[in-house]
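Enquirer: Take this structure, written in structure tokens, and hold onto it; I'll ask about it next.
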Amino acid sequence: MRWWQRGKRDADLERELRSDLDLEEEEQRERGFSPEEARYAALRAFGNPTVIREQTRATWGWTWLEQFVRDVKYGARTLLRSPGFTLISVLVMAVGIGATTSLFTMVRAVLLRPLPFRDSGKLVMLYEHFRHKTLGDGFNAVAPGDYREWRSQTHGFEEMAVMRGYGGIVSGVRSELPEVVQSAGGSANLFPLLGVAPAFGRVFTEAEDQPNGVPVVLLTWNLFERRFAGDPSIVGKQIHLDTSPATVVGVLPSWFTYPDARIQLWIPYAQTFSPADYGMHDGHQSMVVARLKPGVSTEAATGEVSAVQYRIHLANASKPVAEDVWSRPMIDDLVRNVRTPLLVLLGAVGCMLLIACLNLTNLLVARAASRRKEVAMRGALGGSRLVLIREQMTECLLICLAGGGLGSLLSLASTYWLAAHWRNLPRAESVHVDGWVLTFALSLVVVTALLAGLVPALSSTGKGLLLGLRESSRSVGGNASRARLRKTMLTAEIALTVVLLIAAGLLFKSFLHLRMADLGCRVDHVITMKFGLPEVQYDTRDKVVLFHESLLERLRRLPGMRGAALVSSVPGAGPVGDRTFTIQERPAPSYSLQYVAATLVADPQYFSVMQIPVLRGRVFTERERLNNDHYVVVTRRFADQFLPGDDPVGKHVSISWDNKPETYEILGEVGDTVFDVTRPVQAAIYFPILSGIPDRTTEATIVAYTAGDPLAMSMPIQRQISALEPELPVYNALTMDQILGKTTASQGFAANLVLAFSALSLLLAAGGLYGVLSYLVTQRGPEIGIRLALGAQREQVLRLVLFDGLRPALVGLVLGLAASVGATRLIRSMLYGTGPLDPAIFAAVATTLMAVAALACLVPAWRAARIDPMLALRSE
Amino acid sequence: MSSMAKETKQRMAVLQGTLDMLILRTLLYGQAHGHQIGKHIQMTTNEFLQVQHGSLYPALHRLEEKGWVTSKWEMAPDRNRELKYYRLTSKGKKQLVVEESQWKQMADAVARVMWPAAEES
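These protein sequence lines map, in sequence, to chains A and B. Read in order, the letters of the first sequence are residues 1 to 876 in the working numbering. Read in order, the letters of the second sequence are residues 1001 to 1121 in the working numbering.
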């Protein structure tokens, strides 16, 4: 018999029992009992037919399903009776579950899933470590010469490969638009080491991986699809890279986006160096990947490399060569910048989910209280506690299921939004929703349902069940223990909210600090634009200077242009490359205390266009040009750091270019500008761009100070450039404001998200506070009525209720502040211009919270004070 | 509590797990309706074993679910009414043999523990 035939079967059972009962009755009558006596005797012998029917039904296989269906029906009916409550609870749970699922998806994809390489757990990155360098995290890029010696002299690793970031311009063989691309140099053994096979063609050979090797490139899938229409016949053909031809040897698979999805093509590592530089030990720019040998520990293998490095260090004592080698797992290396923000966000949404749970619990406790008499009555009539608890849990499960379903849809959308809008998120392409994520969401639903449902279910069906019947007539004073339970949860809710608010406050303050950072120069009405002259054509100083000067002349003649200048790197756009140098008048005391400064090139008018103050001496003029270029301008930080108490003007710095030291005279000192807003001001040296030295001045950024909207000048400027050099691509046309927005985007992202989560939590907590207090006021109506009738003042009642509500808020605040002291330490690395214990933020959060709490309490308190004693007393 | 204890001195509820066997054995004589089965067990044991209706009907339905008995509404021969008669199936007969041997083993085992001397003699 099937489930849907259960009605028929039920009738059959009914008939069977009835006929047997009749039979019994007949037998009793045959024994001489009167019909009435016989009937009672039969019933006595038979027992309760309803119970028998229930027990028999229990042997049918599907009763659990029936019970469940009944519970669900019952729960749904109860929920639909109060649609407002249901809707709000479902939405709250949806947001909580959705956000948590989203962040879990991100954390799993980015931090937890192994990299898509062969046996990726065995891959480590090797870095050089300078014992005396205090800036940064101690992991420094590797010099090509060092890598080559490590590889040839150590045996602890199965294999060692190297790569470096590089640039390039891809221009069409048949006059397609030129395009500036990010590229990377990779050694011939890099792809085999990672276990990456090309989708088409082959990878580099050792013969190609030489400084003077045949020019070849590997395309990434992105460039292959985008620029070459996904046509595999490109393999073996030539493309133009920096205006010289290079042969495409292969195409990398679409999933290969390491180390960065922005990289468009790969060239052999050695070809990114001149033969002289390929062996250098003092130029650091490369990343080394190594695969551990089975049975060799990372420490042992790294130690061996470190020993080789120390020998190199001793052999090059006068140069900046690191003493040690440090290693870290490849996955840690890749995600190091997003680990903390991701975990902080996960923590924040976790807190929010917990708050949502507590809120739901609170609401359910309130409902359970109003249904107390019903539950007590059913308990008295023999409803088992388990059944009563199951029913209440089903209700909660329904809310959580609906919330979870809605939340999963929400997280589906928000996950992809997050992955797409999180700037520079490594492995963003690996973020997707799969079975694990759905499992996670489902278990969240179950856990939240248990969390939120068990407390009210247990408390409302507990020992004092029958008290509910007794207190029915006149419930003066309400139920103290239930109120205490709700206040405890409220306290926890508020404490969590405080932690979230403080974290959000600190992050937001940091973001504002970065966003409002004083760059030390003009930021309004400035547009910037980058270009790079191809060194093949612009191979002499004269050609470069001619281009720069005629470009500036054209730009300065544009209507609406107040000033235009050239610089290698604009303030706020990120870190600038630095070099070591010596000051002839004040030699460095030892190698380990060597001088390092950022190096820039600028044209004479850069300082006035950008309003950078000249503090001492003078800046460049048109005379410091071509071979008359041994002059520099230094920044205030430079003077303070390397020439404290001395006039820098007239001093001489010595810097090596291509291993040839050159001496420059300091012309003047200018104000500091900030390049990387997340770091302290760096000392910097400006070189004249009018030297025209090809590889130092061909890449430049135009800074234009405009009368009107700077973005409107973008097209006129580009037109002037193409008039001079039609093939030259121009990129990053951004106002200073946009640059700052871009560099602080990820901080702003995290800060805004946490702020949104904490605002939502505050709203939830305030709603919870309001709900609990309103409920208490309703419960205490008769009591308050008596107080008023006995002569209590309305202000006293107001104060009474207000303090009743503010007490859990205050306790929660104190607990939350205490917890924040510990919690904010964890986000220290995300803070700029503030500390984990910023008193202003703590004070602001405390004030906000108390204000919101007071507001939430004021309404019920006011309502309590306006109670009409007669009405309240009569209402029972 | 005490009244229940007294009752167990004279009568005993059918032991858990043996009711199925007793029903199957009863049905070996031919088809019977629920009332008859209960009465039969009671009478055969001189009212010692009491079959509660609350366990009889669930047991019958359980046996039917397992396919050891079938049921059919038939006119009672002695009365003018239709009753639900249960009949042993061939599967039920096999099951009876299994349960019987299991019960024997069980009873022997219990006896060996309870009266070891008697067993030796």
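Just so you know, even glycine gets a beta-carbon here, dropped at the ideal spot from N, CA and C.
1. Would you call F157(A) buried or exposed, if buried means 16 or more other Cβ atoms sit within 10 Å of its Cβ?
2. Count Cβ pairs between the segment 778-791 of chain A and the segment 371-381 of chain A that sit closer than 8 Å; are there 3 or more?
3. Can you give me the Cβ contacts of F104(A) inside the same chain, cut-off strictly under 8 Å, excluding the 5 residues immediately before and after it?
4. Restricting to Cα atoms, I'd like to know which of V180(A), A270(A), Q271(A), K293(A) is closest to S154(A).
5. So which of L753(A), D71(A), R31(A) has the shortest CA-CA distance to E395(A)?
6. I want to see whether chain B comes within less than 7 Å of S414(A), judged by CB atoms only; does it?
7. State buried or exposed for D879(A), treating a residue as buried only when at least 16 other CB atoms are found within 10 Å of its CB.
8. In chain order, which beta strand (DSSP E) runs of at least 3 residues are fully inside the segment 801-850 of chain A?
9. Considering only heavy atoms of the ligand GDP, does any lie closer than 6 Å to the CB of R18(A)?
10. Would you say the segment 397-407 of chain A touches the segment 220-232 of chain A, given that touching needs at least three Cβ pairs under 8 Å?
11. When we look at the beta-carbon of T599(A) and count the other beta-carbons within 10 Å, is it buried (16 or more) or exposed?
12. How is E1120(B) classed by DSSP in three states: helix, strand or coil?
13. Under a Cβ-count criterion, where at least 16 other Cβ atoms within 10 Å of its own Cβ denotes burial, should E295(A) be classed as buried or exposed?
14. Please report the distance separating the alpha-carbon of A380(A) from that of L388(A).
15. Using beta-carbon positions only, say whether V321(A) and D282(A) come within less than 7 Å of one another.
16. Taking only three categories from DSSP, how would you classify P83(A)?
17. Count the C-beta pairs between the segment 528-536 of chain A and the segment 693-701 of chain A that are closer than 8 Å, then say yes if the count reaches three, no if not.
18. Cβ closer than 8 Å: which chain B residues qualify as neighbours of Q28(A)?
19. Residues in its own chain within less than 6 Å of V181(A) by CB, not counting five upstream and five downstream?
20. Got a sec: is the Cβ-Cβ distance from G1092(B) to anything in chain A below 7 Å?
21. Using only alpha-carbon positions, find the residue among P1058(B), K1091(B), D1078(B), L1083(B) that is nearest to G1017(B).
22. Please report the Cβ distance between M715(A) and I527(A), rounded to the nearest whole angstrom; I am assuming they are in contact, meaning their Cβ atoms lie under 8 Å.
23. Looking at chain B, is there any beta carbon in it that lies within less than 7 Å of the beta carbon of V476(A)?
24. Quick one: what's Y166(A) bridged to in DSSP?
25. Just the C-alpha distance for S691(A) and F620(A), rounded to the nearest angstrom, thanks.
26. Output, in sequence order along the chain, the residues in the segment 1075-1106 of chain B whose CB is closer than 9 Å to any CB in chain A.
27. Which residues mark the beginning and the end of the alpha helix (DSSP H) in which S774(A) is found?
28. Name the residues in the segment 1042-1064 of chain B whose C-beta lies less than 7 Å from a C-beta of chain A; which are they?
29. Measuring CB to CB, does G671(A) end up less than 7 Å from G572(A)?
30. Below 8 Å on C-beta distance, what does W60(A) contact in chain B?
31. Would you call S943(A) buried or exposed, if buried means 16 or more other Cβ atoms sit within 10 Å of its Cβ?
32. Could you give the distance in angstroms between the alpha-carbon of E1007(B) and the alpha-carbon of L1049(B)?
33. Please compile the residues from chain B whose C-beta is within a distance smaller than 7 Å of the C-beta of T56(A).
34. Taking L17(A) as the query, report the chain B residues whose CB atoms sit under 9 Å from its CB, ordered along the chain.
35. Could you spell out where the beta strand (DSSP E) holding M1075(B) opens and where it closes?
36. Are the segment 213-223 of chain A and the segment 300-314 of chain A touching, with three or more C-beta to C-beta distances below 8 Å?
Expert: With the structure as the only source:
1. Stepping through the first sequence from its first residue, residue 157(A) is reached at position 157. Result: buried.
2. no
3. The residue you call residue 104(A) lines up with position 104 of the first sequence. Excluding sequence neighbours, F104(A) sits near L346, V437, F440.
4. The residue given as residue 154(A) occupies position 154 in the first sequence. The sequence given here places Thr at residue 154(A); Ser does not occur at that position. In terms of Cα proximity to T154(A), the closest of V180(A), A270(A), Q271(A), K293(A) is K293(A).
5. The residue you call residue 395(A) lines up with position 395 of the first sequence. Of the listed residues, the one whose Cα sits closest to E395(A) is D71(A).
6. Here residue 414(A) corresponds to residue number 414 of the first sequence, with the count starting at 1. Answer no: the Cβ-Cβ gap between S414(A) and chain B never drops below 7 Å.
7. Absent from the structure is residue 879(A), since the part of chain A shown begins at 1 and ends at 876.
8. none
9. Summarising the ligand content, the structure contains no ligands, and the ligand GDP is consequently not present.
10. no
11. By 1-based counting over the first sequence, the position of residue 599(A) is 599. With 16 or more other Cβ atoms within 10 Å, it is buried.
12. What you label residue 1120(B) is simply residue 120 of the second sequence in a count that begins at 1. The predicted model places E1120(B) with a pLDDT of 48, which falls under 50 and marks its position as unreliable; any figure quoted below should be read in that light. The answer is helix: DSSP assigns E1120(B) an H, G or I state.
13. Taking the first residue of the first sequence as 1, we reach residue 295(A) at position 295. According to the sequence as given, residue 295(A) is Gly; it is not Glu. By the neighbour-count rule (16 or more Cβ atoms within 10 Å), G295(A) is not buried but exposed.
14. The residue labelled residue 380(A) in the question sits at position 380 within the first sequence. The residue labelled residue 388(A) in the question sits at position 388 within the first sequence. For A380(A) and L388(A), the distance between alpha carbons rounds to 12 Å.
15. Position 321 of the first sequence, counted from the first residue, corresponds to residue 321(A). Position 282 of the first sequence, counted from the first residue, corresponds to residue 282(A). Result yes, Cβ atoms of V321(A) and D282(A) sit closer than 7 Å.
16. Looking up residue 83(A) in the first sequence gives position 83. Note: P83(A) maps to helix in three-state DSSP.
17. yes
18. Along the first sequence, read from residue 1 onward, the residue named residue 28(A) stands at position 28. Result: empty, since nearest Cβ-Cβ is about 12 Å, beyond 8 Å.
19. Along the first sequence, read from residue 1 onward, the residue named residue 181(A) stands at position 181. If we look at V181(A) and ignore the five residues flanking it on each side, its Cβ neighbours are G168, V170, Q264.
20. Numbered from 1 along the second sequence, position 92 holds the residue referred to as residue 1092(B). False, the Cβ-Cβ gap to chain A never drops below 7 Å.
21. By one-based count along the second sequence, residue 1017(B) stands at place 17. Checked all of P1058(B), K1091(B), D1078(B), L1083(B); the closest Cα to G1017(B) is P1058(B).
22. The residue given as residue 715(A) occupies position 715 in the first sequence. The residue given as residue 527(A) occupies position 527 in the first sequence. Not a contact, Cβ separation roughly 11 Å.
23. Working through the first sequence from its first residue, we reach residue 476(A) at position 476. Note that V476(A) scores 45 on pLDDT, short of 50, meaning its location in the model is unreliable; the coordinates nonetheless yield the value given after this. Answer no: the Cβ-Cβ gap between V476(A) and chain B never drops below 7 Å.
24. Mapped onto the first sequence, residue 166(A) falls at position 166. Answer by DSSP bridge pairing, in chain order: S183(A).
25. In the first sequence, residue 691(A) corresponds to position 691, counting from 1. In the first sequence, residue 620(A) corresponds to position 620, counting from 1. Roughly 11 Å separates the two Cα atoms.
26. Within the segment 1075-1106 of chain B, the residues whose Cβ lies closer than 9 Å to some Cβ of chain A are A1076, R1079, R1081, E1082, L1083, K1084, listed in chain order.
27. Position 774 of the first sequence, counting from 1, holds the residue named residue 774(A). Annotation: the continuous alpha helix (DSSP H) that includes S774(A) extends over 745-779.
28. Along the segment 1042-1064 of chain B, going in chain order, the ones with a CB nearer than 7 Å to a CB of chain A are Q1052, H1053, G1054, Y1057, P1058, H1061, R1062.
29. Translated into positions along the first sequence, residue 671(A) becomes position 671. Translated into positions along the first sequence, residue 572(A) becomes position 572. No, the Cβ-Cβ distance between G671(A) and G572(A) is not below 7 Å.
30. As a working note, residue 60(A) is residue 60 in the first sequence. Within 8 Å Cβ-Cβ: H1061, E1065.
31. A query on residue 943(A) cannot be resolved here, the shown segment of chain A reaching from 1 to 876 and no further.
32. Indexing the second sequence from 1 puts residue 1007(B) at position 7. Indexing the second sequence from 1 puts residue 1049(B) at position 49. At E1007(B), the pLDDT of 41 sits below 50, so the modelled position is not reliable and the matter cannot be decided from this model.
33. Residue 56(A) sits at position 56 when you count from the first residue of the first sequence. The contacting residues are Y1057, P1058, H1061.
34. To locate residue 17(A), count along the first sequence from 1; it is residue 17. The answer, in chain order, is G1034, H1053, Y1057.
35. Against the second sequence, residue 1075(B) aligns to sequence position 75. Taken as a continuous stretch (DSSP letters only), the beta strand (DSSP E) holding M1075(B) covers 1069-1075.
36. no
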